[in-house]
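In mature numbering (1 follows the signal peptide of the UniProt record, and there is no 0), the protein residues as written are -18 to -1, 1 to 438. All residues carry an ideal CB built from backbone N, CA and C; glycine is no exception. Below: the structure, in structure tokens.
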């Protein structure tokens, strides 16, 4: 019954939309504050608090990315996958941190929600033309907003800044700098920039309604950057992850000829993503299998010892550096669905890019084609694309947390225990052990017997 209801909700979104309250009409910011902190908090309520994009501007019937997320939460609950969340949207077009601070006491505490999603951006702050002073104002005020929520027992989540078509290279640099800074704060964050960026700080072609707002397609991409089970993980008390010291795991072929695998199945449809894996190997073979909607791609060490990405759709990317040196390397594959580009990095070096749009369903380490004796550690999966600065930070051992669905240190110091597959990201997604048939080994070619000379 639950499965049937889930399918109805999935393919008839109008059924679920009726359960989601639409954003309030725009209104002027408060001029006076009315503090109410005595109301009990609803542990199953999320409040969206921001400006025009979370309000739904640019989307048909204002059904924007926050409304889409509310619909998805209802679908998850109907399928028995999550809690019965309720949401409210108190976003006001044109708001920035100054205006939200001015109306915070009046508007947020009376909602009685345990969780608040702050959805503000540097654009409304005036970064275009305002430069460093507006950057500093945004950073300071956002920290105040986070602390005010925590002081009231409200759990804050923050969305990162995103794109606008009027941004200059200087504006874009400020956006990237702020987003990288946010990932170091003690608060869950969402990487919206990596969902819609054209690579220069503007909306991807075909994904904007006007210079400042996304259209329906753009809102859908922003929605895909939200981890589906984030709030269930927060409700369960799962802490913000921190980089862990780790060993590694091996996936040897056990007796019987079936090779061990570790698989990750992201929850729900994936559009933009970044997957990161560290490995050590001395032989050729497939490191990672990427199952798309109909075909498969892979990351492998080729016979020449270089790293090769074979797309599920089109093209190949191959590193110049060799990786079969039994030293640790990090392979980062980042996909921007909206602009149709996949980029491969080896350690901190850009390898290349291919034009494609992927719908990744499953990722698998190990298996019958894996390099003999390969070691794996620090497997991460993000529901958003990453720029070069973010990749460099990752390789330098910074744990970026925006839109993080999987962080598995893969610590095998104590053998193949459940802890070695632990997911420390704030999601309820898990890793799965499995087996697949090992590749048959080629039988040695029999030597021909030397011909004896004919007797004379």
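Query, Result
"Tell me the DSSP bridge mates of residue 465?", "Residue numbering for the chain in the displayed model covers -18 to 438; residue 465 lies beyond these limits and cannot be assessed."
"Going by DSSP, what residue range makes up the alpha helix (DSSP H) through residue 189?", "First-last for residue 189: undefined, no H or E at that position."
"Suppose you measure from the CA of residue 304 to the CA of residue 139; what does that come to, to the nearest Å?", "41 Å"
"Considering just the uninterrupted stretch of the alpha helix (DSSP H) at residue 34, what are its terminal residues?", "34 to 37"
"Assign residue 375 to one of three DSSP states: helix, strand, or coil.", "helix"
"Report the three-state DSSP secondary structure of residue 54 (helix, strand or coil).", "helix"
"Given this structure, state the Cα-to-Cα distance separating residue 171 from residue 267, to the nearest angstrom.", "36 Å"
"Expressed to the nearest angstrom, what Euclidean distance is found between the alpha-carbon atoms of residue 75 and residue 240?", "57 Å"
"Counting C-beta neighbours from all protein chains within 10 Å, is the total for residue 178 16 or more, i.e. buried, or is it exposed?", "buried"
"Would you mind sorting residue 129 into buried or exposed? The rule is 16 or more other CB atoms within 10 Å of its CB.", "exposed"
"So, is residue 302 buried or exposed, given that buried needs 16 or more other C-beta atoms within 10 angstroms?", "exposed"
"Between the Cα of residue 54 and those of 210, 202, 45, spot the shortest distance and give me the residue it belongs to.", "210"
"Looking at the structure shown, is residue 122 part of a helix, part of a strand, or coil, going by DSSP?", "helix"
"Which residues bound the alpha helix (DSSP H) around residue 158?", "151 to 164"
"Since residue 418 sits in a beta bridge, which residues does DSSP pair it with?", "241"
"Can you give me the C-alpha to C-alpha distance between residue 105 and residue 146, rounded to a whole angstrom?", "8 Å"
"So the candidates are 259, 89, 103; which of them puts its Cα closest to the Cα of residue 356?", "259"
"Alpha carbon to alpha carbon, how far is residue 35 from residue 46?", "7 Å"
"Suppose only complete runs of 3+ residues qualify. What are the beta strand (DSSP E) ranges in the segment 201 to 231, listed by chain order?", "none"
"Following the continuous beta strand (DSSP E) through residue 317, name the residue where it begins and the one where it ends.", "311 to 318"
"Can you check whether the CB of residue 32 is closer than 8 Å to the CB of residue 100?", "yes"
"What does DSSP give as the partner residues of residue 259 in its beta bridges?", "313"
"Quick check on DSSP: helix, strand or coil for residue 67?", "coil"
"What residues in its chain sit with their C-beta under 7 Å from that of residue 174, if we drop five residues either side in the sequence?", "141, 142, 144, 204, 207"
"At a cut of 8 Å, does the segment 285 to 299 reach the segment 332 to 349 through at least three beta carbon pairs?", "yes"
"Rounded to the nearest angstrom, how far is the Cβ of residue 61 from that of residue 26, given a contact under 8 Å?", "About 17 Å separates the two Cβ atoms, so there is no contact after all."
"For the candidate residues 114, 134, 123, whose alpha-carbon lies nearest to that of residue 91?", "134"
"Buried or exposed for residue 56, going by 16 or more other Cβ atoms inside 10 Å?", "buried"
"If you follow the alpha helix (DSSP H) that residue 109 is part of, which residue opens it and which one closes it?", "109 to 112"
"If distances are taken between C-alpha atoms only, which option among 284, 365, 38 comes closest to residue 198?", "38"
"On the DSSP bridge list, what partners appear for residue 273?", "278, 344"
"When the Cβ atoms of the segment 209 to 228 are set against those of the segment 376 to 384, are three or more pairs found closer than 8 Å?", "yes"
"Considering only their Cβ atoms, is the gap separating residue 261 from residue 358 smaller than 8 Å?", "yes"
"Does the beta-carbon of residue 387 have 16 or more other beta-carbons within 10 angstroms, so that it is buried, or is it exposed?", "buried"
"By DSSP's criteria, residue 29 is part of a beta bridge. Which residues make up the other side?", "70, 98"
"Indicate the three-state DSSP secondary structure (helix, strand or coil) for residue 403 in the structure shown.", "helix"
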